[in-house]
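A.B. asks: Here it is: the structure, laid out below.
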Amino acid sequence: MSNGTHIEYRTAESVSPHHPDKLCDQISDAILDACLEQDPNSRVAIESMGGHGIVTITGELTTTANINIREIAQRVTDYKYGVQVNVVHQSPEIAAGVDTGGAGDQGIMIGYACDETPELLPMEVVLSRRLNQYIYKQYRFDGKTQVTLKNGQIETVVASFQNVEHDDLENNVRAWLGEQQYAPMMDEVKIFVNPAGDWVQGGFEADTGLTGRKLAVDNYGPRIAVGGGAFSGKDASKVDRSAAYMARRVAVDYLRERKAKEVFVRLAYAIGVAEPLEKTVIIDGAHEEISDKYDLTPRGIIATLDLKRPIYEPTARYGHFGEGFDWDK
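Taking my numbering, the leading residue of the sequence shown gets 3, the next gets one more, and so forth.
Below is the structure:
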């Protein structure tokens, strides 16, 4: 029987840039950047899959850029793997809708900001990510971290990293816990390091990876709903990327202007249609329509955030929000 005591758990994970899914994200965005560097009007929708000696790259690419897709993929993966490429031009039906300024697809995009951390992200997301970055700086291998909060205090930490012995990894976790200033800790924090045992086989040798499979990591963690599709490998005419970035910018603006605790933004689009079908902002639970001062058409978003630049590979490493990108500011 409940004694009326309120208990709230919040958990989030982060994966290192050498995780197989994140390697695929970086390959796809590195290809996008290479195209945009030569041709800012490139249309790119690239998917990568890697595993067990082979990286396969497929998708649609319409550009005047002259790039070496195989070389880009090998550079991102330290020249360890063979690369297969099967890339075609963008569908003419999709191109026709985008050429007139319409959205590149239908979808719902979520923007979010909160006052829990300086990054304006959920506390558990930032903690898991910062721990991952702390460990990765020393051991640049495949790895995962996870942090659980109980009523706002760090209760449990999980860290699994390739080629790191148990004691070294635990010492790193404890050192980071002693340095972090984000959240208080329970009297006894439960720590699990390499809980299935130390491991040396990681990355594409241990598992397959795929572009866009880490959606919760790329967005705001499991506490916040995911709206549209994956980001990596897509140019800004795809609103599931560009409108998600704009939704974050709007959420940050409203959070600061209204001195709010939490802001959600919802944008919805139809393929080939420029104006959003929905543009809702929810400020501490109160619903409004987003101000008309924001141009939320694909062309308006691209101009506002200057999204035709080769800026995307860094977004594919640790998440697309809270890392100081222009849409975070």
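Cβ atoms here follow ideal geometry from the backbone N, Cα and C, with glycine treated the same way.
Can you list, in chain order, the residues of its chain with a C-beta nearer than 7 Å to that of A232? Leave out the 5 residues immediately preceding and following it.
C.D. replies: Here residue 232 refers to the residue found at position 230 when the sequence shown is read from its first residue. Result list for A232: T213, G214 and L217, in chain order.
A.B. asks: Could you name the residues of the same chain whose beta carbon sits closer than 6 Å to that of G211, not counting the 5 residues immediately before and after it, in chain order?
C.D. replies: Numbered from its first residue, the sequence shown carries residue 211 at position 209. Counting only Cβ-Cβ distances below 6 Å, and skipping sequence neighbours, we find P22, D23, L25, C26 and G52.
A.B. asks: Leaving out five residues on either side along the sequence, give the residues of the same chain with a beta carbon under 8 Å from the beta carbon of Q28.
C.D. replies: Start at 1 with the first residue of the sequence shown, and residue 28 comes out as number 26. Hits under 8 Å: P19, V78, S234, E315, A318 and R319.
A.B. asks: According to DSSP, what are the bridge partners of H289?
C.D. replies: As a first step, residue 289 must be located in the sequence shown, where it is residue number 287. Bridge partners of H289: I284.
A.B. asks: Give me, in chain order, the residues of the same chain whose beta-carbon lies closer than 8 Å to that of D200; leave out the 5 immediate sequence neighbours on both sides.
C.D. replies: Taking the sequence shown and counting its residues from 1, one reaches residue 200 at position 198. For D200, where only same-chain residues beyond five positions count, the Cβ hits under 8 Å are V166, E167 and H168.
A.B. asks: What would DSSP say about A185, mapped onto helix, strand or coil?
C.D. replies: In the sequence shown, the residue the question calls residue 185 occupies position 183. Residue state, collapsed to three classes: coil.
A.B. asks: Reducing DSSP to helix, strand and coil, say where K24 ends up.
C.D. replies: As a working note, residue 24 is residue 22 in the sequence shown. In the structure shown, K24 sits in a helix (DSSP, three-state: H, G or I).
A.B. asks: Within the continuous alpha helix (DSSP H) that includes A161, where are the two ends?
C.D. replies: Locating residue 161 in the sequence shown gives position 159, where the first residue counts as 1. Per DSSP, A161 belongs to no alpha helix (DSSP H); it is in the beta strand (DSSP E), Q155 to F163.
A.B. asks: Using DSSP with H/G/I as helix, E/B as strand and the rest coil, what is E73?
C.D. replies: As a first step, residue 73 must be located in the sequence shown, where it is residue number 71. In the structure shown, E73 sits in a helix (DSSP, three-state: H, G or I).
A.B. asks: Could you pull out every residue in the same chain whose Cβ sits closer than 7 Å to the Cβ of K281, ignoring the five residues on either side in sequence?
C.D. replies: Your numbering for residue 281 matches position 279 in the sequence shown. L269, E291, I292 and L298.
A.B. asks: Taking 7 Å as the threshold (C-beta atoms), are G109 and Y271 in contact?
C.D. replies: To locate residue 271, count along the sequence shown from 1; it is residue 269. To locate residue 109, count along the sequence shown from 1; it is residue 107. Yes, the Cβ-Cβ distance between Y271 and G109 is below 7 Å.
A.B. asks: Run through DSSP, which three-state label would M3 get?
C.D. replies: In the sequence shown, residue 3 corresponds to position 1, counting from 1. Bear in mind that the predicted position of M3 carries a pLDDT of just 41, short of 50, making it too unreliable to give a figure here.
A.B. asks: Would you grab the beta carbon distance between N174 and Y136 for me? Rounded to a whole angstrom, and I think it's under 8 Å.
C.D. replies: To locate residue 174, count along the sequence shown from 1; it is residue 172. To locate residue 136, count along the sequence shown from 1; it is residue 134. The Cβ separation is near 7 Å, so the contact holds.
A.B. asks: Cutting at 7 Å between CB atoms, please list the residues of its own chain near I56, excluding the five before and the five after it.
C.D. replies: Locating residue 56 in the sequence shown gives position 54, where the first residue counts as 1. Once the five neighbours on either side are set aside, the close Cβ partners of I56 are Y83, G84 and Q86.
A.B. asks: Can you have a look at E39 and say buried or exposed, based on whether 16 or more other CB atoms are within 10 angstroms of its CB?
C.D. replies: In the sequence shown, residue 39 corresponds to position 37, counting from 1. Classification for E39: exposed.
A.B. asks: Just the C-alpha distance for V149 and A161, rounded to the nearest angstrom, thanks.
C.D. replies: Mapped onto the sequence shown, residue 149 falls at position 147. Mapped onto the sequence shown, residue 161 falls at position 159. Distance between the alpha carbons of V149 and A161: 9 Å.
A.B. asks: Take the Cβ of P124 as the centre, count every other Cβ of all protein chains shown within 10 Å, and call the residue buried at 16 or more, exposed below.
C.D. replies: In the sequence shown, counting from the first residue as 1, residue 124 sits at position 122. Looking at its Cβ environment, which holds 16 or more other Cβ atoms inside 10 Å, P124 is buried.
A.B. asks: Where do the N-terminal and C-terminal ends of the beta strand (DSSP E) with G113 fall, by residue?
C.D. replies: As a first step, residue 113 is located in the sequence shown; it is residue number 111 there, counting from the start. G113 -> beta strand (DSSP E) spans G109 to C116.
A.B. asks: Any chance you could list the alpha helix (DSSP H) runs of at least 4 consecutive residues sitting entirely within the segment 165–245, in chain order?
C.D. replies: Qualifying alpha helix (DSSP H) stretches, in chain order: 168–181, 205–208 and 217–220.
A.B. asks: Under the three-state reduction of DSSP, which class applies to E126: helix, strand or coil?
C.D. replies: Along the sequence shown, read from residue 1 onward, the residue named residue 126 stands at position 124. Helix, per DSSP.
A.B. asks: Smallest Cα separation from P120: which of V254, G154, G204 and V90?
C.D. replies: For the purposes of this step, residue 120 is identified with residue 118 of the sequence shown, where counting begins at 1. Nearest C-alpha to P120: V254.
A.B. asks: Tell me the residue span of the alpha helix (DSSP H) that contains L279.
C.D. replies: On the sequence shown, position 277 is the one that residue 279 refers to. Here L279 belongs to no alpha helix (DSSP H), and DSSP marks it neither H nor E.
A.B. asks: Skipping 5 residues on each side, what residues in its chain have a beta carbon closer than 7 Å to that of Q164?
C.D. replies: Residue 164 sits at position 162 when you count from the first residue of the sequence shown. For Q164, where only same-chain residues beyond five positions count, the Cβ hits under 7 Å are F143, D144, G145, W201, V202 and G204.
A.B. asks: On the CB-based measure, 16 or more other CB atoms within 10 Å of its CB, does H322 come out buried or exposed?
C.D. replies: Residue mapping note: residue 322 aligns to position 320 of the sequence shown, counting from 1. H322 comes out buried.
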